[in-house]
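Presented below is the structure to which this report refers.
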Amino acid sequence: MPFPKFGRGQYTVIIKKYAYLVLVICAIFLGCDSLSQKDENVGYPVFIKQIDTSDLILLNERYHQKNNGSLCSTLNEYGFTGFSRVLFPNNSNPCLGQTVVKEELLYTFDLLEQAKQVLIENSEFTGVKNASDLITKEIISLDGCTVCEGKDINNVPLQWKFTFRPQYYNKVEVSESEIVVYIDAEGVNRIWGNWYPVIDPGFIDFGYNKAIEKIVGERLRYANEENQIFEQEILYDHISGEPGLRFAPIKVDEGIEIHKVWSISILKEDKSETRWRVYISTVTGEILEVILL
C-alpha cells in the first residue's frame, strides 16, 4: 500500500494505522487532553521518499527558474538542496566548470543577510523556515584576480562562502544538515546542504546505558588500504566518551527516515583513533546505521 502524502512538499510521512485509530477514538470519546506523548507523534519517524529521476529533473528545472538560472548547484534525490551526484551531467560537479565573476567583492553584513534570505526564499528545497535559526559557522573569502596580467596582477575576494551550523530540533542536532552558500558580485551562485522535516518522539524508551550494552559484543568489519578485511569485536573500552543524542537521516528502501538516535563513537582495536560512529534508536534500541569514519 502506498504511503499517504501530506503537505505541498515532497515528503511522505508514515502514519501507523493503529496509532491513528487511537487518535480518532480520543478525539470522539475522550478529548485530546488525555492523549499520551507517544500518540501525539504518530508521524515518527518522518519518511522522505526518493523522487523518480524524471520528476526530479522537472523539480530541478522549477528550482532553477525560481532562482533566475543563477545557481550552478542542483537538487538531490529527495528534492532538497543537499549534495548528491544524481543530477550531475557526466558525473561531474556542474559548479566546477562555472565561469568565475572577475569582480572584487568586499565583505559586508548585507552579504550574510543575502545568504540567509535566499535560504528562506527557497525553503521548499532548503527546509529552512526562519532566518533567526541560522547560525553562522564560518565565513571564507575565495580570492582571485581582477587584473590577471602585467605588473599589477592582484589577488582580491571574488566570492564569499558562508557555512551555517547544523540544524537543531528541540536542542538536539540533526546530522548531515550543514548548509553552504556561495555569493559573488552577481549574487548567490550555489547552495549545498539542507535541513529536514523532523518529529521528536518526545520519549526515550532505550537509554544510553542500554545503547552501550547493545553495541558491546558486536563485531564490525573494515578494510585497510590493501583491501584486506579485518573484524573487530567491540569491547567496553572501545567506547569513546558518552553517547550523545541526535536526529539522523537513515537510508531505507526508497528513501530516508529521520530517527532520534544515540550516537556512539567506537575506537579502533588499538584505541589510537575513532573508527566508527554507530546510531542506535532511542525508541526501539535497533542499530540503525554504522558509519565508517
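Here the sequence shown is numbered in the numbering used here, starting from 198 and rising by one per residue. Even for Gly, the Cβ is constructed at its ideal location relative to N, Cα and C.
Can you tell me which of the three DSSP states residue i falls into?
| i | result |
| --- | --- |
| Arg-418 | strand |
| Thr-471 | strand |
| Gln-262 | helix |
| Asp-450 | coil |
| Phe-306 | helix |
| Pro-286 | helix |
| Ala-445 | strand |
| Val-239 | coil |
| Thr-360 | strand |
| Phe-427 | strand |
| Gln-234 | Summary for Gln-234: the model assigns pLDDT 42, below 50, so the residue's position carries little reliability; its value from the coordinates is reported in the next sentence. In the structure shown, Gln-234 sits in a helix (DSSP, three-state: H, G or I). |
| Val-219 | Only weak support is given to the placement of Val-219: the predicted model assigns it a pLDDT of 38, under 50, and the value that follows is read from those uncertain coordinates. Of the three classes helix, strand and coil, the one that applies to Val-219 here is helix, per DSSP. |
| Glu-370 | strand |
| Tyr-476 | strand |
| Asn-386 | strand |
| Leu-490 | coil |
| Tyr-405 | helix |
| Val-315 | helix |
| Thr-323 | helix |
| Ile-141 | Outside the shown range of the chain, which is 198 to 490, sits residue 141, and nothing can be said about it. |
| Ser-329 | helix |
| Asp-434 | helix |
| Glu-410 | helix |
| Ile-225 | Because Ile-225 sits at a pLDDT of 37, beneath the cut-off of 50, its placement in the model cannot be relied upon, and the following sentence gives the value as read from the coordinates. Note: Ile-225 maps to helix in three-state DSSP. |
| Phe-277 | coil |
| Phe-244 | strand |
Measuring alpha carbon to alpha carbon, tell me which residue in the options is nearest residue i.
| i | options | result |
| --- | --- | --- |
| Ala-420 | Glu-258, Leu-253, Leu-490, Trp-389 | Leu-490 |
| Val-371 | Tyr-393, Asp-381, Leu-355 | Tyr-393 |
| Asn-319 | Cys-342, Arg-472, Tyr-260 | Tyr-260 |
| Ile-431 | Val-475, Phe-403, Asn-288, Asn-290 | Val-475 |
| Leu-268 | Glu-454, Leu-302, Val-378, Val-239 | Val-378 |
| Asn-290 | Asp-307, Leu-272, Glu-301, Pro-398 | Leu-272 |
| Glu-258 | Thr-471, Ile-401, Gly-276, Gln-429 | Gly-276 |
| Asp-397 | Leu-293, Ile-350, Val-487, Tyr-366 | Tyr-366 |
| Val-385 | Cys-292, Asn-287, Lys-246 | Cys-292 |
| Ile-436 | Arg-418, Arg-416, Thr-471, Leu-417 | Thr-471 |
| Thr-333 | Lys-411, Asn-351, Glu-321, Leu-308 | Leu-308 |
| Lys-448 | Glu-321, Ile-488, Lys-411 | Ile-488 |
Residue i: buried (16+ other C-beta within 10 angstroms of its C-beta) or exposed?
| i | result |
| --- | --- |
| Thr-323 | buried |
| Ala-262 | Reading the sequence as shown, one finds Gln at residue 262 and not Ala. Exposed, because fewer than 16 other Cβ atoms sit within 10 Å of the Cβ of Gln-262. |
| Thr-481 | exposed |
| Lys-468 | exposed |
| Ser-374 | buried |
| Leu-485 | buried |
| Tyr-304 | exposed |
| Gln-425 | exposed |
| Ala-328 | exposed |
| Gly-279 | buried |
| Ala-445 | buried |
| Tyr-241 | buried |
| Ser-478 | buried |
| Val-344 | exposed |
| Ile-350 | exposed |
I believe residue i touches residue j by the beta-carbon criterion, under 8 Å. Please report the beta-carbon distance rounded to the nearest angstrom.
| i | j | result |
| --- | --- | --- |
| Leu-255 | Glu-274 | With 8 Å as the limit, Leu-255 and Glu-274 do not qualify as a contact, their Cβ atoms being about 14 Å apart. |
| Leu-355 | Val-413 | About 52 Å separates the two Cβ atoms, so there is no contact after all. |
| Ser-270 | Ile-388 | 5 Å |
| Gln-295 | Ile-380 | In fact, because the Cβ distance is near 13 Å, the residues do not count as touching under 8 Å. |
| Val-243 | Val-395 | 6 Å |
| Asn-391 | Ile-376 | 7 Å |
| Ile-151 | Ile-245 | The structure shown has nothing for residue 151, since the chain only spans 198 to 490. |
> Taking three-plus beta-carbon pairs below 8 Å as touching, is the region 460-468 in contact with the region 437-446?
Replying inline: yes
>> Counting beta carbon pairs with one atom in the region 326-338 and one in the region 357-372, are three or more of them shorter than 8 Å?
In response: yes
>> Under 8 Å, with one C-beta from each stretch per pair, do the region 312-320 and the region 399-415 reach the 3-pair mark?
In response: no
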